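J.:
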C-alpha cells in the first residue's frame with residue numbers, strides 16, 4: 099500500500115480524494131452505501147449566512163457527457179447548519195469542510211467567522227465562482243481585484259485552512275489564482291462549473307428556469323485539466339483539481355498536471371461509491387509504477 103496522504107496548508111488528509119460541494123450532501127446521506135470515513139475529505143453543500151430558497155424549477159438538465167445545474171445555493175443558512183447539521187457530522191472520521199458562499203463581502207466574513215468556531219471543521223472552501231446566483235458569487239471571482247478583496251476580508255476573520263474555489267469563466271485564471279494567493283489563500287480549487295445553457299426546440303424555450311446554468315461532467319475535463327496545469331505553474335500554494343473526474347485515471351491525470359488533491363462531483367450521481375474506487379485506483383497506479391507516495395506524481399507531467 100502506497101502512502102496516499104497529502105497536505106493542503108495545515109490540513110492533513112489521509113488521501114487526495116475529496117467530494118465536490120453540492121454533489122455529496124452533508125456526507126451522511128452516503129453512509130448507507132459505503133464507509134465514508136475512507137474519503138480524504140468531504141466538502142458539504144454551499145452554505146450562506148441566511149436561508150436561500152434557490153432558483154425556481156426546472157433547475158437541472160442532462161447534456162451530452164454532462165449536466166447543467168442552476169440550483170442556486172439552496173440551503174437553510176449557517177445558523178441552521180451549526181445547530182442541526184454540525185452535531186450530526188462532526189464525528190465523521192475524515193476532513194469535513196464547508197463550502198461558503200455569499201452575496202456581499204460582509205456575508206462571506208460573517209459566515210466564515212461562525213464556522214471558524216466549529217472545532218471539527220478544519221477548513222472552508224470559499225466559493226467566489228458560482229454561476230448560478232444573480233448577485234455575489236461569480237461577480238467576486240471574475241476579476242483579480244474582486245477576488246483579492248473578498249479573500250483578504252475572509253482571511254482576517256478565518257484562522258484555519260482557507261481554500262478558494264475559482265471560476266473557469268474568466269480570460270486568465272492564473273491572474274485570479276495569483277491574486278487570491280497574495281490575499282492569503284492556503285489553496286485554490288478549480289474549476290467550478292462552466293456557464294452553459296440548454297434549449298427545448300419543440301417548446302422554443304430554455305430548459306432551465308434561469309436560462310443559463312453551470313455545466314459539469316466528463317465534457318468539461320479537458321478544459322479543467324488545462325486550467326489546473328496552468329494554475330499549478332503560476333502559484334506556490336497547493337492546487338485542488340476538479341471538473342469531469344469520472345474515474346481513477348482522470349484523477350491521476352489531474353495530479354500529474356499539478357493537483358495535490360482532487361474533487362469528484364457529477365460522478366457521485368452516477369455511482370455513489372465512485373470515490374472509493376478512485377482511491378483504490380490511485381493506489382494501484384502508484385504500485386504499478388513503483389511509487390511509494392502519491393506526492394511523487396504531483397506535477398510529474400513531462401513536457
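Residue numbers (my numbering): 99 to 401.
Each residue gets a CB set at the ideal place from its N, CA and C atoms; glycine is no exception.
It should be emphasised that the depicted structure is a prediction, and the values quoted were computed from it without experimental measurement.
1) If you draw a straight line from the C-alpha of residue 270 to the C-alpha of residue 306, how long is it?
2) Within 10 angstroms of the Cβ of residue 300, are there 16 or more other Cβ atoms? Answer buried if so, exposed if not.
3) Contact check, residue 313 vs residue 304 under 8 angstroms by CB: the rounded distance?
4) Quick one, which of 347, 263, 292 has its alpha-carbon nearest residue 321's?
5) By the three-class DSSP mapping on this structure, what secondary structure does residue 444 have?
6) In the segment 193 to 275, which residue ranges form an unbroken alpha helix (DSSP H) of at least 4 residues, counting only runs that do not cross its ends?
7) Compare the beta carbon distance of residue 249 and residue 277 with 9 angstroms and say whether it is the shorter of the two.
8) What's the gap between the Cα of residue 221 and the Cα of residue 302?
9) Can you check the segment 338 to 368 for any beta strand (DSSP E) of at least 3 residues that lies completely inside it and give the ranges in chain order?
10) Give the C-beta separation of residue 341 and residue 289 to the nearest angstrom, bearing in mind that I take them to be a contact with Cβ-Cβ under 8 angstroms.
11) I'd like the span of the beta strand (DSSP E) that includes residue 104, first residue to last.
12) At a cut-off of 8 angstroms, is residue 295 close to the ligand NAP when judged by its beta-carbon and the heavy atoms of the ligand?
13) In chain order, what residues of the same chain lie with their CB nearer than 8 angstroms to the CB of residue 186, ignoring the 5 residues before and after it?
14) Taking the alpha-carbon positions, what's the residue 267 to residue 227 distance?
15) In its own chain, which residues sit with a C-beta less than 6 angstroms from the C-beta of residue 379, not counting the 5 before and 5 after it?
16) Assign residue 168 to one of three DSSP states: helix, strand, or coil.
17) Could you compute how far the alpha carbon of residue 120 sits from the alpha carbon of residue 108?
18) With a threshold of 16 other CB atoms inside 10 Å of the CB of residue 99, please say whether the residue is buried or exposed.
19) What's the C-alpha gap between residue 330 and residue 386?
20) Any beta carbon of chain D sitting closer than 9 angstroms to that of residue 105?
21) Considering only DSSP beta bridges, list what residue 189 is partnered with.
22) Within its chain, find whatever has a CB closer than 6 angstroms to the CB of residue 154; leave out the 5 residues flanking it on each side and keep chain order.
T.: Reading from the atomic positions:
1) CA-to-CA, the gap between residue 270 and residue 306 works out to about 28 angstroms.
2) Of the residues assessed, residue 300 falls on the exposed side of the cut-off, its CB having fewer than 16 other CB atoms within 10 angstroms.
3) At roughly 14 angstroms, the Cβ-Cβ gap does not stay under 8 angstroms, so residue 313 and residue 304 are not in contact.
4) Per the Cα distances, 292.
5) The first residue shown for the chain is 99 and the last is 401, placing residue 444 beyond what the model contains.
6) As far as the segment 193 to 275 is concerned, its whole alpha helix (DSSP H) runs of at least 4 residues are 203 to 214, 236 to 239, 242 to 253.
7) Remark: C-beta atoms of residue 249 and residue 277 approach each other more closely than 9 angstroms.
8) Taking the straight line joining both Cα atoms gives about 44 angstroms.
9) Whole beta strand (DSSP E) segments, 3+ residues: 359 to 362.
10) About 5 angstroms; that satisfies the 8 angstroms criterion.
11) Boundaries of the beta strand (DSSP E) around residue 104: 104 to 106.
12) Only the bare structure without any ligand can be found here, which leaves the ligand NAP out of the picture.
13) Non-local C-beta neighbours of residue 186 in its own chain, meaning closer than 8 angstroms and more than five positions away in sequence, comprise 124, 126, ordered along the chain.
14) For residue 267 and residue 227, the distance between alpha carbons rounds to 8 angstroms.
15) Only 346 meet the Cβ criterion.
16) Residue 168: coil per DSSP, three-state reduction.
17) Looking at the backbone, the Cα of residue 120 and that of residue 108 are separated by about 24 angstroms.
18) So residue 99 ends up on the exposed side.
19) Going by the C-alpha atoms only, they are around 25 angstroms apart.
20) Reference to chain D is not applicable here, since this structure consists of a single protein chain.
21) Assignment of beta-bridge partners to residue 189 by DSSP yields no partner.
22) Closer than 6 angstroms at the Cβ level, and outside the excluded window around residue 154, lie 307.
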